[in-house]
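Numbering (the numbering used here), first residue to last: 10 to 390.
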Ligand SMILES: Nc1ncnc2c1ncn2[C@@H]1O[C@H](COP(=O)(O)OP(=O)(O)OP(=O)(O)O)[C@@H](O)[C@H]1O
Ligand SMILES: [Mg+2]
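See below:
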């Protein structure tokens, strides 16, 4: 089947907006997105992991009069806490030892465009105050600055956390929550839109066949019913990865219920499914971005020591030791009770092939806490 024919089968939400699905729930969300898009209002998108929050943020931007300006997606959970204000709002020259130039943050870069703050629940309280101010009057101060910078940026935020609960625990500011939730898009989970599953199968199996140069799979009734009855905790993303895996493993076959059962025997075995080692591009970019930020932060520290070495009369050997301490991952003397935590983190990271998001989930930690521990223990996977 050609993609054009496929486009017709996938219905108007897909043809007009690239959104697969004709269920009532998703059509309602598309309608709200279309209504709010041109207004410039800030929007809060909530929904389980993998339900399409980023896709909808992009759609709102594309349907607004900001569409020719930047859309900047930022994963708040992937930026180390100490760097987030610098990244979002930029800094003035001299605001810290190695800040030789002033820098623009994402808010300035996105001027007249849209910023998508993913995992907003991970934004530290101190940055939440600044964000509220930008939302209220479009102004902020750079790190180390004393004058207001004015920008015209639309904010779209997303979360898979329960923000009201975070508000009640004082880990998310109530005023920011009320400001953000004025327009809320609640994305349905896959189990709330089962009728859309056949469309996803059609599209994803066509895409996977093209991507991996395999023959496209066909699903029989029994297979379809198995897939529809399975609980896809990772929603659309998990289903998409599953179809990728099936396309490679069972190329060109008519997929029966038995084949599906083989891979989805129980919740438990499902986590040991053969996995294709490609993650969502966005997740890869997050990791690369996070690593670059860490390198940048280390470089700043090294620069600081080098500058101080040159401007100091003390013998340089003294500083060499300090520099070595910064770059030597073994620098910490790890207390014994922490060793087991370190080992556990290493093992879990290895199990998930370095995927920090999955490891954090298994360890029952937030991604930010895991990043902190990885830094603390100097873990390199
Ligand atoms: N309606 C849709 N039509 C087509 N593809 C979709 C749709 N919704 C989601 N997807 C696909 O599912 C995957 C997950 O989508 P997305 O990244 O937007 O989810 P998310 O809610 O932001 O997930 P997370 O909470 O993990 O960040 C992506 O590959 C996206 O292309
Ligand atoms: Mg997302």
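Beta carbons are placed, not taken as given, at the ideal position from N, Cα and C, and that holds for glycine.
Ends of the alpha helix (DSSP H) at residue i?
i           : result
residue 369 : 365-372
residue 40  : 33-45
residue 378 : 376-386
residue 256 : 244-258
residue 212 : 206-221
residue 69  : 62-71
residue 186 : 183-189
residue 74  : Segment: none, residue 74 is in no alpha helix (DSSP H) and carries neither H nor E.
residue 233 : 230-238
Find the nearest neighbour of residue i within the set the options, judged by alpha-carbon distance.
i           : options           : result
residue 81  : 87, 101, 116      : 116
residue 152 : 185, 134, 94, 386 : 94
residue 42  : 64, 129, 32       : 64
residue 304 : 387, 271, 40      : 387
residue 187 : 78, 144, 215, 28  : 144
residue 182 : 66, 119, 77, 141  : 141
residue 98  : 120, 150, 257     : 150
Taking only the alpha-carbon atoms, compute the straight-line gap between residue i and residue j and give it to the nearest angstrom.
i           : j           : result
residue 220 : residue 261 : 14 Å
residue 209 : residue 96  : 36 Å
residue 322 : residue 312 : Any reading at residue 322 needs caution, since the residue's pLDDT is 49, under 50, leaving its predicted position unreliable; the model's value is listed next. Approximately 17 Å, taken between the alpha carbons.
residue 30  : residue 227 : 19 Å
residue 331 : residue 315 : Because the pLDDT of residue 331 is 46, which lies under 50, any placement of that residue in the model is unreliable, and the question is left without a value.
residue 222 : residue 75  : 37 Å
residue 168 : residue 85  : 10 Å
residue 180 : residue 369 : 19 Å
residue 248 : residue 353 : 29 Å
residue 381 : residue 373 : 14 Å
residue 335 : residue 17  : Note that residue 335 scores 47 on pLDDT, short of 50, meaning its location in the model is unreliable and no value can be drawn from it.
residue 132 : residue 251 : 32 Å
residue 397 : residue 22  : Outside the displayed span of the chain (10 to 390) sits residue 397, for which this structure offers no information.
residue 45  : residue 165 : 11 Å
residue 308 : residue 231 : 57 Å
residue 66  : residue 161 : 17 Å
residue 278 : residue 360 : Confidence in residue 278 is poor, its pLDDT being 46 and thus under 50, which makes the residue's placement unreliable; the coordinate value appears in the next sentence. If you take the alpha carbons of residue 278 and residue 360, they lie about 14 Å apart.
residue 254 : residue 362 : 16 Å
residue 346 : residue 390 : Confidence at residue 346 is low in this model, with a pLDDT of 44, below 50, so the placement of that residue should be treated as unreliable; the coordinate-derived value is given next. Roughly 21 Å between the two C-alpha positions.
residue 203 : residue 32  : 8 Å
residue 112 : residue 383 : 28 Å
Residue i lies in the beta strand (DSSP E); which residues open and close that run?
i           : result
residue 149 : 148-150
residue 82  : 80-84
residue 157 : 157-159
residue 177 : Counting along the chain, residue 177 falls outside any beta strand (DSSP E), though it belongs to the alpha helix (DSSP H) covering 172-177.
residue 124 : 123-127
residue 163 : 163-168
residue 53  : 52-55
* Cβ contact (3+ pairs, closer than 8 Å) linking the segment 249-267 and the segment 215-235 -> yes
* Quick one: any contact between the segment 185-195 and the segment 42-55, if contact means 3 or more CB pairs under 8 Å? -> Touching, yes, given that three or more Cβ pairs across the two stretches are closer than 8 Å.
* Taking 8 Å as the threshold, find out whether the segment 238-257 comes into contact with the segment 56-69 through three or more Cβ pairs. => yes
* To do: Examine the Cβ distances between the segment 32-49 and the segment 166-183 and report whether three or more of them are shorter than 8 Å.
  => no
* Asked: Is it a yes or a no for the segment 118-129 touching the segment 63-75, going by three-plus beta-carbon pairs under 8 Å?
  -> Three or more beta-carbon pairs drawn from the segment 118-129 and the segment 63-75 are found closer than 8 Å, and the two stretches are therefore classed as touching.
* Near ligand 1, which residues have their beta-carbon less than 5 Å from any of its heavy atoms, given in chain order? -> Residues with their Cβ less than 5 Å from any non-hydrogen atom of ligand 1, running along the chain, are 28, 29, 58, 59, 60, 61, 62, 63, 64, 169, 245, 246.
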